[in-house]
Structures are given as structure tokens and as C-alpha cells.
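First residue of the sequence shown? That's 11 in my numbering, and the numbers climb one at a time after it. We put the CB at the ideal spot given by N, CA and C, even for glycine.
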Amino acid sequence: MAERASPFIVAGGGIGGLAAALVLARHGHAVDVLEQSDAFGEIGAGIQLGPNSFRMFEHLGLTEAIDRVAYFPPHLAMRDVRSGELVVQSQAGAATRAEHGYPYGVIYRVDLHQVLLEACRALPAIGLHVHSKLVAFTQTGSGVEVQLADGRRMHGSALIGADGLWSRVREAIVGDGKPRVSGHIAYRAVLPRDQVPEHLYSPDVTLWGGEKTHLVHYPLRRGELFNLVAVFHSERYEEGWNTYGDPEELKLRFKNAAPPVRELLGKIETWKMWVLCDREPVANWSQGRATLLGDAAHPMLQYLAQGASMAIEDAVTLGAALQAWPADVPAAFRAYQQARYLRTGRVQLTARFYGEIYHASGVMRELRNRMFQSGRESAGFIGTQWLYRGIDPERPLAP
Ligand SMILES: Cc1cc2nc3c(=O)[nH]c(=O)nc-3n(C[C@H](O)[C@H](O)[C@H](O)COP(=O)(O)OP(=O)(O)OC[C@H]3O[C@@H](n4cnc5c(N)ncnc54)[C@H](O)[C@@H]3O)c2cc1C
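Structure below.
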């Protein structure tokens, strides 16, 4: 059993928190992960994983485990939501290896979380604690004291706030108030593959984009499931998460959509709803022996499908910084932040722009279609090369 006198404390056992615990434990640190819920788990929905994520999985030795449950779509396709016209199509799955070195895949969040959880459980240096909600923390010269909602106190050598969009740790370090409500709402659902009629099924990641709405769908879990995410603009909702959506509202928002879209939406009775939020990028998310990671550090809209990937890149970078400054945690946390804030800030801002493009109408829609249709097949996705190339896991602190 590793020395547990002064572990690193990770607040939040989501994808980011578990990735951080895994990296730190592999580097020889003891880690306590505090999760507020009564179990470690994830919501049932799909996420896309760019080649940059697979580069991190390889570095973490998780490729095989991920490949067992992921799905590799042959293409990313964008269609006009009204006309059904194909706007642009680029290769995905294993074909992106040629350009980016790694595949483009999709995964059920539960499965990704489970792969990380199993890897963490295999390491005795990691303590996994449920019913453990951080409410406050203080720093001393040599460590942190964390206060939990039930009155318990825990000591550690440092704190990593991986506590998501509504991060308590961020409140203390950055103090920039509530997240920005984007006015965009997402409805999500997952169907068994056999409930999707053949004429509505596609093996690709398909995005039907149009005025203030879009629908994304793709197969999941080796193709056994079918994931749908419908997004529309609405000022109706202030904040909220993981509540049920109203199928009638969706019908109304997509009333002008092409027949396959309307038919597909009509197949689903129960939607889960998200009010989509982000924040302005910041460069001050480390303070002494406390830092942030994942959505707590740089919450972003989902239009580049990169939130989870950025959290995993954060974890790898944080591990490298602590190796480079083994005796100076505050310096390591600053170096980690320095290496990450521009890349993650760029994703935050680019994701907003992609949201505008997907939801374009009028002249902007015409421009988008022309721009995407000009040049070679993948023209529409050229702007993501800087992203998909990823970070070098051997030198993540390099400028
Ligand atoms: C509609 C939608 C689609 C998306 N699609 C993609 C995609 O295709 N690709 C992609 O990479 N990303 C996608 N994302 C983003 C991705 O889901 C997030 O960026 C990612 O889950 C962030 O992980 P995290 O661990 O930082 O935070 P979270 O997943 O929010 O985890 C935080 C954890 O901390 C716990 N917690 C919170 N507060 C406390 C506390 N005080 N004490 C203890 N525990 C606490 C929570 O219970 C939770 O378990 C999408 C997001 C949305 C909303």
C-alpha cells in the first residue's frame, strides 16, 4: 500500500478526475478521489473522440480497452437540416490515421468512464470515495485541508478540482461567478440499434445543421446502440442539467426539418435535457497547491466535441508537470496551467464559432455551404488540424 499520509486530493470522479488520478498514481503518488454522488458513474449518452484523444489513450495504455467498446464511424457528414443536402463529408474511423496518426471514434460515456474506473481500481495507491462532496478547502504552506458536506475533513498535499461546470474549487480560485448560459438546449437519447428503421440509419456521425437547430446522430458501443443529440436555441431555460425534455417542444423546433429528421425525432419518447453553458477562457486556474482540470478549468460548448478529450490531455500534462517539479507543487501547477490555457481557450472559443456555423441561416448558411463544399473532400474540417494532431504525450509541457 502506498504512503497515504499526504495524498493528492482530486475533487470529482468524472472522466477528468479519474484520468488525473490514474496518471498521478502511475507516477507514484497516492491519490484520493472524492465524488459527491453515491456511486462512480456517468450518464448514458455518446461522446465523440477525436484522434487527439486516441493519442492519449495510447500513452495511458488504454487503447485495447477503449477499442473493445468504441465505435469507429466511416465518415463525419454534415447535411442541411431543411433540404437534406449533403454539405460536406470527411473520413473518420481508422481513415484519420493517415492524417492525424490516430482514429476518430465515438464512445458511450458510461464505457469510457468504466475503462478509467477499472484502471484506477487496479491501483492500490488510489482511494475512491463516494458520498464525499467538497464544500470548502484551505491551504497551508505544505498542503490542503478539504471540508466535506457531511463535516468530515481530509488532508492532502494538494487539491485538483475536477468538479465540473459548477466547480466549488473554481469558485475559490477564479471566482468568476456562474457559468454563461448559452441559450442553447440539448436533448439527448440513446436507442437500441434495432429500433432504428433501416432508411433512417447511418453508420456515420451525421450532423443535420440549420437555422438555430441541429441534430447529430451516430451508432455507439460497437454499433449496438444509436445516439441522438438534438440542439436548439431557446431563452426559456436558465440553468439545469439532466432533466427530462419535452418532445412537443422538439417537434415545434424541428417542424421545417427534412422528413428523415422529423421521423427520427418522432421515434423517441423520452429525452434527457441539458442547458448548455460555457465560460470565458482564463489563465489563472492554479493557486498555490490547488488547481483545476477539465470542465472546472475550461468548460466549453460541445460543438467541437472535445470537453472530455481536453480533460484527458489536462491529466497527462499535469502528470508531466509534477514529474518536472517533484519538490515544488505550486510551480508544477503553474507550469501545467501555462501549457494548457491557450489550447483549451482556443477550443472554448472555436466551439462557440462552430455552433454559429452549424446553426447558420441566410447568407451565413450559403457561405458555410460554399466554403465547406470548395476544395477537397475534407475542406470543412481542415480548421481542426491543430486540434486533432493533439499534444505530444512525451513533451506535453513544450510550448
Ligand atoms: C450535450 C453534450 C455533448 C458533449 N459531447 C462531447 C463529445 O462529443 N466529446 C467530448 O470530448 N466531450 C463532450 N462533451 C463534454 C464532456 O461531457 C465534458 O467536457 C466532460 O464530461 C468533462 O469531464 P469532467 O470530469 O471535467 O467533468 P464532469 O463530467 O462534470 O465530472 C465532474 C464530477 O465531479 C463531481 N462533483 C461535482 N462537484 C463536486 C464536489 N463539490 N465534490 C465532489 N464531487 C463533485 C460530479 O458528480 C461529477 O462526477 C459534451 C457535453 C455535453 C453537455
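Taking the C-alpha atoms as reference points, what is the distance between Pro291 and Asp305?
-> 11 Å
For the alpha helix (DSSP H) holding Val339, just list the boundary residues, first then last.
-> Val339 to Tyr368
Would you call the CB atoms of Gly166 and Val154 closer than 7 Å?
-> yes
Cβ separation of Leu144 and Asp173, assumed to be a contact under 8 Å, to the nearest whole Å = The Cβ separation is near 7 Å, so the contact holds.
Tell me whether Leu144 counts as near ligand 1, meaning its Cβ is closer than 6 Å to at least one heavy atom of that ligand.
-> yes
Do the CB positions of His85 and Asp214 come within less than 7 Å of each other?
-> yes
Limits of the beta strand (DSSP E) - the one that Trp284 falls within = Lys282 to Asp288
In terms of alpha-carbon separation, which member of Glu68, Phe64, Ala49 and Gly56 lies closest to Pro226?
-> Reading off the sequence, residue 226 comes out as Val, not Pro. Scanning Glu68, Phe64, Ala49 and Gly56 for the CA closest to the CA of Val226 turns up Gly56.
Skipping 5 residues on each side, what residues in its chain have a beta carbon closer than 8 Å to that of Arg399?
-> Pro61, Asn62, His110 and Gly111
From what residue to what residue does the alpha helix (DSSP H) around Arg119 run?
-> Arg119 to Arg131
Hey, how far is the Cα of Ile278 from the Cα of Tyr364?
-> 26 Å
Inter-residue Cα distance where the pair is Gly219 and Asp160 | 46 Å
Coarse secondary structure for His69, derived from DSSP in three states | helix
DSSP beta-bridge partners of Asn237 = DSSP output for Asn237 lists Val200 and Tyr228 as bridge partner(s).
Are there 16 or more other CB atoms within 10 angstroms of the CB of Pro336, so buried, or fewer, so exposed?
-> exposed
May I ask which residues mark the beginning and end of the beta strand (DSSP E) holding Arg89?
-> His85 to Asp90
Between the CA atoms of Glu404 and Ile76 - distance to the nearest angstrom = 21 Å
Going by DSSP, which residues form a beta bridge with Gly115?
-> Leu59
Any heavy atom of ligand 1 closer than 6 Å to the Cβ of Arg178?
-> yes
Which of helix, strand or coil DSSP assigns to Met381 = Here Met381 sits in helix by DSSP.
Under 6 Å from any heavy atom of ligand 1, does the C-beta of Trp295 make it?
-> For Trp295, the distance from the CB to the nearest heavy atom of ligand 1 is not below 6 Å.
Contacts around Ala30, its chain only, beta-carbon distance under 7 Å, and the 5 residues preceding and following it disregarded = Val20, Ile170, Ala172, Leu303, Ala325 and Leu328
beta-carbon Ile76 near ligand 1 non-hydrogen atom, thresh 6 Å = no
At what residues does the beta strand (DSSP E) containing Trp218 begin and finish?
-> Val215 to Gly220
Roughly how many angstroms lie between the CA atoms of Arg65 and Leu262, to the nearest whole one?
-> Each residue's Cα considered, the two are about 41 Å apart.
When you compare each of Ala331, Asn266 and Ala199 to Leu119 by their alpha carbons, which one comes out closest?
-> The amino acid occupying residue 119 in the given sequence is Arg; Leu does not appear at that position. With distances taken between Cα atoms, Arg119 lies closest to Ala199.
Apply the 10 Å Cβ neighbour rule to Gly26 and answer buried if 16 or more other Cβ atoms are within range, or exposed otherwise.
-> buried
What residues are listed by DSSP as bridge partners for Ala21?
-> Leu44 and Gly171
Report, in whole angstroms, the separation of the C-beta atoms of Tyr313 and Lys282, which I expect to be a contact under 8 Å.
-> The pair is not a contact, with the Cβ atoms about 19 Å apart (cut-off 8 Å).
Own chain, CB closer than 7 Å to Leu175, minus 5 neighbours either side, in chain order | Pro189, Cys287, Asp305 and Pro309
By how many angstroms is the C-alpha of Gln333 removed from the C-alpha of Thr301?
-> 16 Å
Please classify Gln205: is it buried, with 16 or more other beta-carbons within 10 angstroms of its beta-carbon, or exposed?
-> Classification of Gln205: exposed, given that the 10 Å Cβ count is below 16.
Answer yes or no: the CB of Leu328 versus the heavy atoms of ligand 1, is any distance below 6 Å?
-> Not under cutoff, so the answer is no.
Which first and last residues belong to the alpha helix (DSSP H) in which His110 is found?
-> Arg107 to His110 is the extent of the alpha helix (DSSP H) around His110.
Quick one: give me the first and last residue of the beta strand (DSSP E) that Gly166 is part of.
-> Arg163 to Gly166
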